[in-house]
Amino acid sequence: MTQKCWIILGATSSMARAFANAVADQGANVILAGRDMEDLKRSATDLTVRGVEAVAMKFDARDSATFGPIIARAEQMEGVINAAVFVGSMPPQDAIDADPRLIDGVIKDSHTGPATFLTQLAPIIEVRGAGTVVGVGSVAGDRGRIGNYVYGSAKAGFATYLSGLRNRLTRSGGHVVTVKPGFVDTAMTWTVEGMFLVAAPEAVAKDILKAVEKQKNVIYTPFFWRYIMLIIRHIPEFIFKKMSI
Amino acid sequence: MVWKTTEYSGWGRVRTATAELARPERASTLKNTLADTICPAIGNCRSYGDAPLNDGGRAIDMTRMNRILDFDAGTGIVTVEAGVTITTLANIFAPQGWLPAVMPGTGFATVGGCIAQDVHGKNHHKEGSFGQHVLSVTLLNGEKRTVATPDRNAGLFRATMGGIGQTGVIAEAKLQLKPCPGDVMMVTEQRAENWDAHLALLDASQASYCVGWIDATATGASLGRGVVEEAELAAGLLPKAKPSKSVPMNAPNFALSGPIVRTFNNAYYRRVPTSGRSSVKRIDEFFFPLDKIHDWNRLYGKRGFYQFQNVVPLDQADALKAMLAEIAGAGLASPLAVLKRMGPGRAGPLSFPMEGYTLAVDFPARDAAPELIGMLEDMTVDAGGRLYLAKDALATGPAIKAMYPEHGDWVKAVNKADPDHAFETDMVRRLDLRTAGGAS
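Chains A and B, in that order, give the protein sequences.
Residue numbers for the first sequence follow our numbering, so the first one is 1 and each next one is one higher.
Residue numbers for the second sequence follow our numbering, so the first one is 1001 and each next one is one higher.
In structure tokens:
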């Protein structure tokens, strides 16, 4: 079997950690990339004890100087190089309303930062003729809502980027999976009110891995969010604009 | 904001609390959380009563602090974040030839919880308690970080083993694992037709792991009948894991009514042939038989249940038999009852184990249960035995203090480590555990 390597961006999140555990269980080596190096080193040791090669590397979506070393490291690794993007930030909408300059950061974290990284990675996938990119968007990107439309718009932009990247990589044997999680039980959502049907990060990771194996294009996880969002997308704008959901 | 108002309960679901919980996922967040509020830590809440509860206060959920920080494959010494579960350790290390030296009855217990209750397993008579295999603990108290070992900060270390979280947040622990030849168990089961036969089998056992399932509904000549399981770690082919199931909702009260329990117990007893039998089981299947049924506590309905567990000295076996007679006569018992012979091993002043016999029985939370349990508590005191804080929801402070002769030492160590009483929980307040007893 060909050796696989997964680059995990935003690897300190619980969803990313669950996904890293899942690919490590299958024997893939892992590059854990993110900002909190002390924490990433703990996760890397944990994966090493489980029997795979794991390293921690600095990745800051707002600092493109951190991208090059990760790409260089991946290039040295043998086999198929894959990447999973879990980065993103969601300041409360009222914080953004009070300081609109926050918007730049949200767009960098959730869209332009990872898009820049993936565009640098794409040639490696094309040269090797294989490799999967997992991009984690959000159901929030399907329609702008009063509660988090800046975050939603960043995720919508990222989803469109992923669609184009899929179009590009499929020509050379690569693949892109767009993942739209609903409510997941993470640190980001811990204190958010009004959550329902909350999924465990481990369940989401399992869904993503299955989608990678089956080369799905766009998945909702848990699956029923496809139908919830189908309904939400089809509410006529003249009604939707008066709703607060 | 990291605090979320949550209603939660112990595993028995009789006692509940509403508290603000934080659930850090990184060491830096844990540190910041404690800098914000010093409060007790909780794990997977597998203690039955109110040990994990802090009604009206705050608590730190440690279940996402669950990584392995270091492992030496040569010595079997592992350092972990305290939220890692026993099942995780067994799954990772058994294929590498190592196993937690002490495995409690549920693999969902976290290492922090195992230390806080100084838990024991089916090998207590050989290996002692969980805390006896802990090489060091890292305790957090606000900004302060203290490492305690059996040699360094020894008093604090001992007070932490079985110390129900009162010495600080257990953030990390270093454990000595035990070599294991493979990841299966060779299990021998034998019927014991009554109390005397049951004790005789337990007394005679030379096995590394030994436990008796007891039919706590059998009366008269069959009082104390059960099935004694003995097991050794072994190498062999791994039987396929059965998929886990879950109890989707609270069962109605008749689900565990007298006739149903008696019928179940009878069938459970008779499934083992009179000549006994041997089989190969998976490690998880042997150690954590109930973990395959997620949320099995819902079988007791929304009122929940009590688990009573005591231990009495070896020479008080007759007193324990008298207690069993009371239990069987009351007709309240559930299918889940265990009899085991314990060794002397214990790691701290509030550790449960003593050399003797331990009995654990579940009771649905019907009106008659507290009275029966109160009587059993009195009989345990008279027998010179003690109750297990991991299970208790009903005992009184004076009784508990009388059962734990080193309680006074523990109070001194704990009040020194936590002079502001920031780590107190509902259990500590109910039993007034942070005050030295006047009785002794």
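By construction, the Cβ of each residue, glycine as well, lies at the ideal position given by its N, Cα and C atoms.
_methionine 90 of chain A beta carbon near the ligand FAD (any heavy atom closer than 7 Å)_ = No copy of the ligand FAD appears in this structure; indeed no ligand is present at all.
*Which residues of chain A have a Cβ atom closer than 7 Å to the Cβ of aspartate 1070 of chain B, listed in chain order?*
Here residue 1070 of chain B refers to the residue found at position 70 of the second sequence. Here the neighbours are Thr45.
*Put valine 1014 of chain B into one of helix, strand or coil per three-state DSSP.*
Within the second sequence, the letter at position 14 stands for residue 1014 of chain B. Valine 1014 of chain B: coil per DSSP, three-state reduction.
*Can you say whether serine 1351 of chain B is buried or exposed, counting buried as having 16 or more other CB atoms within 10 angstroms of its CB?*
As a first step, residue 1351 of chain B is located in the second sequence; it is residue number 351 there, counting from the start. Around the C-beta of serine 1351 of chain B, 16 or more other C-beta atoms lie within 10 Å, and the residue is accordingly described as buried.
*Do the region 172-184 of chain A and the region 156-164 of chain A make contact, defined as three or more Cβ pairs closer than 8 Å?*
Counting Cβ pairs under 8 Å, three or more are found: they touch.
*Among B:Tyr1269, B:Pro1259, B:Tyr1209, B:Ala1328, the one whose alpha carbon lies nearest that of glycine 1105 of chain B*: Counted from its first residue, the second sequence places residue 1105 of chain B at position 105. That would be B:Tyr1209, whose Cα lies nearest to the Cα of glycine 1105 of chain B.
_Checking the sheet assignment: what are the DSSP bridge partners for proline 1179 of chain B?_
Here residue 1179 of chain B is taken as the residue at index 179 of the second sequence, counted from 1. Note: proline 1179 of chain B sits in a beta bridge opposite B:Trp1098.
*Within 8 Å (strictly less), CB to CB, does serine 14 of chain A reach chain B?*
What you label residue 14 of chain A is simply residue 14 of the first sequence in a count that begins at 1. For serine 14 of chain A, the nearest beta carbon of chain B is closer than 8 Å to its own beta carbon.
*Assess, as a yes-or-no matter, whether the region 1017-1028 of chain B is touched by the region 1405-1412 of chain B under the definition of 3 or more beta carbon pairs within less than 8 Å.*
The answer is no - the region 1017-1028 of chain B does not touch the region 1405-1412 of chain B, with fewer than three Cβ pairs under 8 Å.
*Any beta-carbon of chain B closer than 8 Å to the one on tryptophan 6 of chain A?*
Along the first sequence, read from residue 1 onward, the residue named residue 6 of chain A stands at position 6. So no, tryptophan 6 of chain A is outside the interface.
*When DSSP labels each residue in this structure, what does methionine 15 of chain A get in the three-state scheme?*
Counting from 1 along the first sequence, the entry for residue 15 of chain A is found at position 15. The answer is helix: DSSP assigns methionine 15 of chain A an H, G or I state.
*Give the C-beta separation of arginine 42 of chain A and leucine 1069 of chain B to the nearest angstrom, bearing in mind that I take them to be a contact with Cβ-Cβ under 8 Å.*
Locating residue 42 of chain A in the first sequence gives position 42, counting from the first residue. Locating residue 1069 of chain B in the second sequence gives position 69, counting from the first residue. Right, their Cβ atoms sit about 6 Å apart.
*asked:* Within a Cβ cutoff of 7 Å, which residues of the same chain sit near glycine 144 of chain A, ignoring the five residues on either side of it in sequence?
replied: By 1-based counting over the first sequence, the position of residue 144 of chain A is 144. Excluding sequence neighbours, glycine 144 of chain A sits near Gly152, Ser153.
*For glutamate 1443 of chain B, name the three-state secondary structure that DSSP assigns.*
Outside the shown range of chain B (1001 to 1440) lies residue 1443 of chain B, about which nothing can therefore be said.
_Am I right that phenylalanine 1300 of chain B and proline 1364 of chain B are in contact with their C-beta atoms under 8 Å? What's the rounded C-beta distance?_
Working through the second sequence from its first residue, we reach residue 1300 of chain B at position 300. Working through the second sequence from its first residue, we reach residue 1364 of chain B at position 364. The amino acid occupying residue 1300 of chain B in the given sequence is tyrosine; phenylalanine does not appear at that position. Contact holds; Cβ gap of about 5 Å.
*Since glutamate 1025 of chain B meets chain A, which of its residues come closer than 7 Å, beta carbon to beta carbon?*
Reading the second sequence from its first residue, position 25 is the one you call residue 1025 of chain B. By Cβ distance, chain A contributes Ser14, Ala187.
*Consult DSSP for tryptophan 1195 of chain B and reduce its assignment to one of helix, strand or coil.*
Here residue 1195 of chain B is taken as the residue at index 195 of the second sequence, counted from 1. Looking at tryptophan 1195 of chain B - three-state DSSP - the assignment turns out to be helix.
*Compute the Euclidean distance between the alpha carbons of histidine 1133 of chain B and leucine 1139 of chain B, then round it to the nearest angstrom.*
What you label residue 1133 of chain B is simply residue 133 of the second sequence in a count that begins at 1. What you label residue 1139 of chain B is simply residue 139 of the second sequence in a count that begins at 1. In this structure, the straight-line span from the alpha carbon of histidine 1133 of chain B to that of leucine 1139 of chain B is close to 17 Å.
*Rounded to whole angstroms, what's the CA-CA distance from alanine 1317 of chain B to leucine 1199 of chain B? Just pull it up for me.*
For this step, residue 1317 of chain B is matched to residue 317 along the second sequence. For this step, residue 1199 of chain B is matched to residue 199 along the second sequence. One C-alpha to the other measures close to 9 Å.
_So isoleucine 1092 of chain B contacts chain A; which residues on that side make the cut at Cβ distance below 7 Å?_
Working through the second sequence from its first residue, we reach residue 1092 of chain B at position 92. Within 7 Å Cβ-Cβ: Val49, Arg50.
*Output the boundary residues of the alpha helix (DSSP H) element that contains methionine 1403 of chain B.*
Here residue 1403 of chain B refers to the residue found at position 403 when the second sequence is read from its first residue. According to the DSSP assignment, methionine 1403 of chain B belongs to the alpha helix (DSSP H) that extends over 1397-1403.
*For glutamate 53 of chain A, go through chain B and note every residue whose CB falls closer than 7 Å to its CB, in chain order.*
Along the first sequence, one-based indexing puts residue 53 of chain A at 53. Within 7 Å of the CB of glutamate 53 of chain A, no CB atom of chain B is found; the nearest one sits about 15 Å away.
*aspartate 97 of chain A CB to nearest chain B CB: under 8 Å?*
Along the first sequence, one-based indexing puts residue 97 of chain A at 97. No, aspartate 97 of chain A lies away from the interface with chain B (no Cβ there is under 8 Å from its Cβ).
*Taking all protein chains shown into account, do 16 or more other C-beta atoms lie within 10 angstroms of the C-beta of arginine 1371 of chain B, making it buried, or fewer, making it exposed?*
By 1-based counting over the second sequence, the position of residue 1371 of chain B is 371. The identity of residue 1371 of chain B in the sequence shown is glutamate, whereas the question assumes arginine. Answer is exposed; the Cβ neighbour count stays below 16.
*At what residue ranges does the region 1058-1110 of chain B contain a whole run of the beta strand (DSSP E), taking only runs of 3 or more?*
Complete beta strand (DSSP E) runs here, min 3: 1058-1061, 1068-1072, 1077-1081, 1098-1100.
*In three-state DSSP terms, what is tryptophan 6 of chain A?*
The residue you call residue 6 of chain A lines up with position 6 of the first sequence. In this structure, tryptophan 6 of chain A counts as strand in the three-state DSSP scheme.
_Sequence ranges, alpha helix (DSSP H) only - wholly within the region 122-204 of chain A, length at least 4_ = List check, alpha helix (DSSP H) in window: 149-169.
*Mind pulling the alpha helix (DSSP H) runs of 4 or more residues that sit fully within the region 1232-1305 of chain B?*
As far as the region 1232-1305 of chain B is concerned, its whole alpha helix (DSSP H) runs of at least 4 residues are 1258-1270, 1283-1287.
*Could you tell me if glutamate 1424 of chain B is buried or exposed, where buried requires 16 or more neighbouring beta carbons within 10 angstroms of its beta carbon?*
Here the question's residue 1424 of chain B lines up with position 424 in the second sequence. Buried is the call here.
*Can you tell me whether glycine 1012 of chain B is buried or exposed, with buried defined as 16 or more other CB within 10 angstroms of its CB?*
By one-based count along the second sequence, residue 1012 of chain B stands at place 12. Here glycine 1012 of chain B is buried: its Cβ has 16 or more other Cβ atoms, across all protein chains shown, within 10 Å.
*Roughly how many angstroms lie between the CA atoms of alanine 1439 of chain B and proline 1398 of chain B, to the nearest whole one?*
On the second sequence, position 439 is the one that residue 1439 of chain B refers to. On the second sequence, position 398 is the one that residue 1398 of chain B refers to. Confidence in alanine 1439 of chain B is poor, its pLDDT being 47 and thus under 50, which makes the residue's placement too unreliable to answer from.
_Cut-off 8 Å between Cβ atoms - residues of its own chain near leucine 1201 of chain B, not counting five sequence neighbours on either side_ = Mapped onto the second sequence, residue 1201 of chain B falls at position 201. The answer, listed in chain order, is Gln1190, Ala1192, Gly1212, Val1228.
*Could you tell me whether any Cβ in chain B is nearer than 8 Å to the Cβ of glutamate 38 of chain A?*
Along the first sequence, one-based indexing puts residue 38 of chain A at 38. Using a Cβ-Cβ cut-off of 8 Å, glutamate 38 of chain A counts as an interface residue toward chain B, since at least one Cβ of chain B sits closer than that to its own.
*Sorted by chain position, which residues of the same chain lie with C-beta nearer than 8 Å to aspartate 109 of chain A's C-beta, five sequence neighbours on each side aside?*
Along the first sequence, one-based indexing puts residue 109 of chain A at 109. Short of 8 Å from the beta carbon of aspartate 109 of chain A, and not among the five residues preceding or following it, lie these beta carbons of its own chain, in chain order: Ala61, Arg62, Val87, Gly88, Ser89, Ala154.
*Does any CB atom of chain A fall closer than 8 Å to the CB of phenylalanine 1423 of chain B?*
In the second sequence, residue 1423 of chain B corresponds to position 423, counting from 1. Closer than 8 Å: no.
*Just by C-beta distance, which residues in the region 1025-1054 of chain B are closer than 8 Å to chain A?*
Result list: Glu1025, Arg1026, Ala1027, Ser1028, Thr1029.
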